[in-house]
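Take a look at the structure below.
In mature numbering (1 follows the signal peptide of the UniProt record, and there is no 0), the protein residues as written are -20 to -1, 1 to 311.
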């Protein structure tokens, strides 16, 4: 009888602590609200869309992630956004569903700088199909059989679904220079400030690690009305960190970009400094923006078939631009 044993990096369902890592989208430069609530209403317009991400389709650890978002900006009020995140691990049926509401306020500073502090509140649920787990005391090597019941009290008392509240914060400094048509923004965010308990075990305590991010973008024109966007994003959660360095060129309606994903911490002897090269192509119309990206793995994890992302964003007419007084205020 063939015995299939699922080896997990122990889920928060048991007494041992895990470091659950947040999903990171390759195309966060198109939808920066995935990283920082301070970008709510950043485009001074109403816009909404969807990102779909498939990670490692050739491995048993395939993960599918969707992120749906809606953002708008109100004069004298600020930016308001709503988002829904769903993440599903196919092999174990692990699922994370979360809805967030965020608000950012705009403060005009000197020399055309703006400060955008923001807060984000959310409620999430995590579920796991424990019937897929085979524990050590269920395996009988001599008879090559598996007992249907385990004596592990944690597994027997584990919940299949848990819910938790989440609290995030962030800010963005940005400057739009109308004289040379450049944009510069610097931002930082902190997720899971309340360290929500994500343990599946009754009376268990597994706090979700805080996620830190520091990011910067600089856009400048080249060759008539085309743009180049340079981006840097540093992230850390528990002992794991990541540094992304990328560039995107816009040529009329087309966007082409590449990003180097690095692992500065190199947590083990087998870790690689460069973990992937991410390629991006986009198409932008007056009110629609499409994006496709592919992450090419550069580590020794094996054949994964990379990571795919598809995105679509709809932008309504610029609310600020309809009022000449508001346009002058933004200069």
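Just so you know, even glycine gets a beta-carbon here, dropped at the ideal spot from N, CA and C.
Bear in mind the structure is a predicted one, so any value in this text is a computation, not a measurement.
Tell me which residue opens and which closes the beta strand (DSSP E) that residue i is part of.
{"i": "residue 217", "result": "206 to 217"}
{"i": "residue 177", "result": "Where residue 177 is concerned, there is no enclosing beta strand (DSSP E), given that its DSSP letter is neither H nor E."}
{"i": "residue 260", "result": "254 to 264"}
{"i": "residue 3", "result": "Looking at the DSSP string, residue 3 is not in any beta strand (DSSP E), and its letter there is neither H nor E."}
Can you give the beta carbon distance from residue i to residue j, rounded, assuming they're within the 8 Å contact cut?
{"i": "residue 238", "j": "residue 270", "result": "At roughly 18 Å, the Cβ-Cβ gap does not stay under 8 Å, so residue 238 and residue 270 are not in contact."}
{"i": "residue 263", "j": "residue 32", "result": "Contact doesn't hold; Cβ gap of about 16 Å is too wide."}
{"i": "residue 275", "j": "residue 258", "result": "5 Å"}
{"i": "residue 245", "j": "residue 254", "result": "At roughly 13 Å, the Cβ-Cβ gap does not stay under 8 Å, so residue 245 and residue 254 are not in contact."}
{"i": "residue 193", "j": "residue 169", "result": "5 Å"}
{"i": "residue 231", "j": "residue 206", "result": "5 Å"}
{"i": "residue 293", "j": "residue 10", "result": "7 Å"}
{"i": "residue 64", "j": "residue 48", "result": "5 Å"}
Is residue i helix, strand or coil when you go by DSSP?
{"i": "residue 13", "result": "helix"}
{"i": "residue 104", "result": "strand"}
{"i": "residue 144", "result": "strand"}
{"i": "residue 272", "result": "strand"}
{"i": "residue 226", "result": "strand"}
{"i": "residue 291", "result": "strand"}
{"i": "residue 19", "result": "helix"}
{"i": "residue 250", "result": "coil"}
{"i": "residue 99", "result": "strand"}
{"i": "residue 126", "result": "strand"}
{"i": "residue 188", "result": "coil"}
{"i": "residue 169", "result": "strand"}
{"i": "residue 197", "result": "strand"}
{"i": "residue 120", "result": "strand"}
{"i": "residue 286", "result": "coil"}
{"i": "residue 277", "result": "strand"}
Check the DSSP bridge columns for residue i and list the partner residues they point to.
{"i": "residue 155", "result": "93 and 164"}
{"i": "residue 203", "result": "Partner(s): none; residue 203 has no beta bridge."}
{"i": "residue 241", "result": "224 and 256"}
{"i": "residue 149", "result": "99 and 170"}
Length-filtered (3 minimum) beta strand (DSSP E) runs lying within the segment 22 to 92: List check, beta strand (DSSP E) in window: 27 to 35, 43 to 54, 58 to 69 and 74 to 84.
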